[in-house]
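Novice: The structure under discussion is supplied below as structure tokens; questions concerning it will follow.
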Amino acid sequence: MCSGIAITSEHRLKKSDLRRLYGEGPFSGDDRLHHIRGDSRTRISGANSKVVKYEKNICLACNSKRSQPYDMAYDRLIHWLLENESDVLRKRFLNFADVYGYTEFEASQRNLYKYFAKSFGCRVNEASRVVPSDVCELFDKERFETGLRITFSVNEQVAANEYPRTVGNGPLHEWQSPDTGDARPGYTCSQFFSWFTVYFWYCIEPDGNLGSTWVANSQHVYLGSL
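In this text, residue positions in the sequence shown follow my numbering: the first is 1, and each later residue adds one.
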């Protein structure tokens, strides 16, 4: 997000999401949680456990005051989704004016997008790749151009209660142009809270089955299905 010294750790799994699904913790006994990455399975003691954090990857200012509006926009969205779950699953679209209010939705959806841009940047950084400059530079702007596209989808099996509700991240994939070795790489990844799944597409054409493309530029966003 900036060139400041990284002395704090962003959460891989958002603390408020863990609390929504599993409570304050500590997670023990029948309430034990584990963080699973590939073949690795690590016990999570609580929502602020080091297990669910990245290595130090963000400066103190960016991880507190600067990014607070982004985190709040995300939390408001998730709260609204939970409060209106049956309607959202029936209609299959988001109206950001319903989420944030008609006078606030433009600014709030930009903050929501910046929350996801921050999350995407953390994923790329963790993979020892350079976070794309257009992503780093958008945080201070109201209008921006970027290669990062986002879609929202419904995990049908979770929504139908066929699978448990969890929180997590899908794998990060890097794509290189076959024509030139120095072309800008593309990335895809995802994150999810319960049935609500967010897909990230950087310099990759989004899959239309997974939702309408969004870059903080629309009052209405249609949900895809997986």
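Glycine included, every Cβ here is placed at the ideal spot set by N, Cα and C.
Buried or exposed: Ser197, going by 16 or more other Cβ atoms within 10 Å of its Cβ?
Specialist: It is Thr, not Ser, that sits at residue 197 in the sequence shown. Label assigned to Thr197: buried.
Novice: Identify which residue in Arg123, Val158, Ala107 has its Cα closest to the Cα of Lys141.
Specialist: Ala107
Novice: To which residues does DSSP link Tyr187 through a beta bridge?
Specialist: Glu174, Tyr202
Novice: Our contact map puts Leu138 next to Tyr202 with C-beta atoms below 8 Å; I'd like the distance itself, whole angstroms only.
Specialist: With a beta-carbon spacing of about 12 Å, Leu138 and Tyr202 fall beyond the 8 Å limit used to define contacts.
Novice: Does the region 89-99 come into contact with the region 166-177, if we say contact requires no fewer than three beta-carbon pairs (one atom in each stretch) closer than 8 Å?
Specialist: no
Novice: How is Val154 classed by DSSP in three states: helix, strand or coil?
Specialist: strand
Novice: Grab the span of the beta strand (DSSP E) containing Arg41 for me, first residue to last.
Specialist: 40-44
Novice: In or out: Glu24 buried (at least 16 other Cβ within 10 Å) or exposed?
Specialist: Exposed is the call here.
Novice: For Ile36, count the other beta carbons within 10 Å of its own beta carbon; 16 or more makes it buried, fewer makes it exposed. Which is it?
Specialist: exposed
Novice: Determine, using beta-carbon pairs with one atom in the region 106-121 and one in the region 60-75, whether at least three such pairs fall under 8 Å.
Specialist: yes
Novice: Since Asn285 contacts Gly224 with CB under 8 Å, what's their CB separation in whole angstroms?
Specialist: Residue numbering for the chain in the displayed model covers 1 to 226; residue 285 lies beyond these limits and cannot be assessed.
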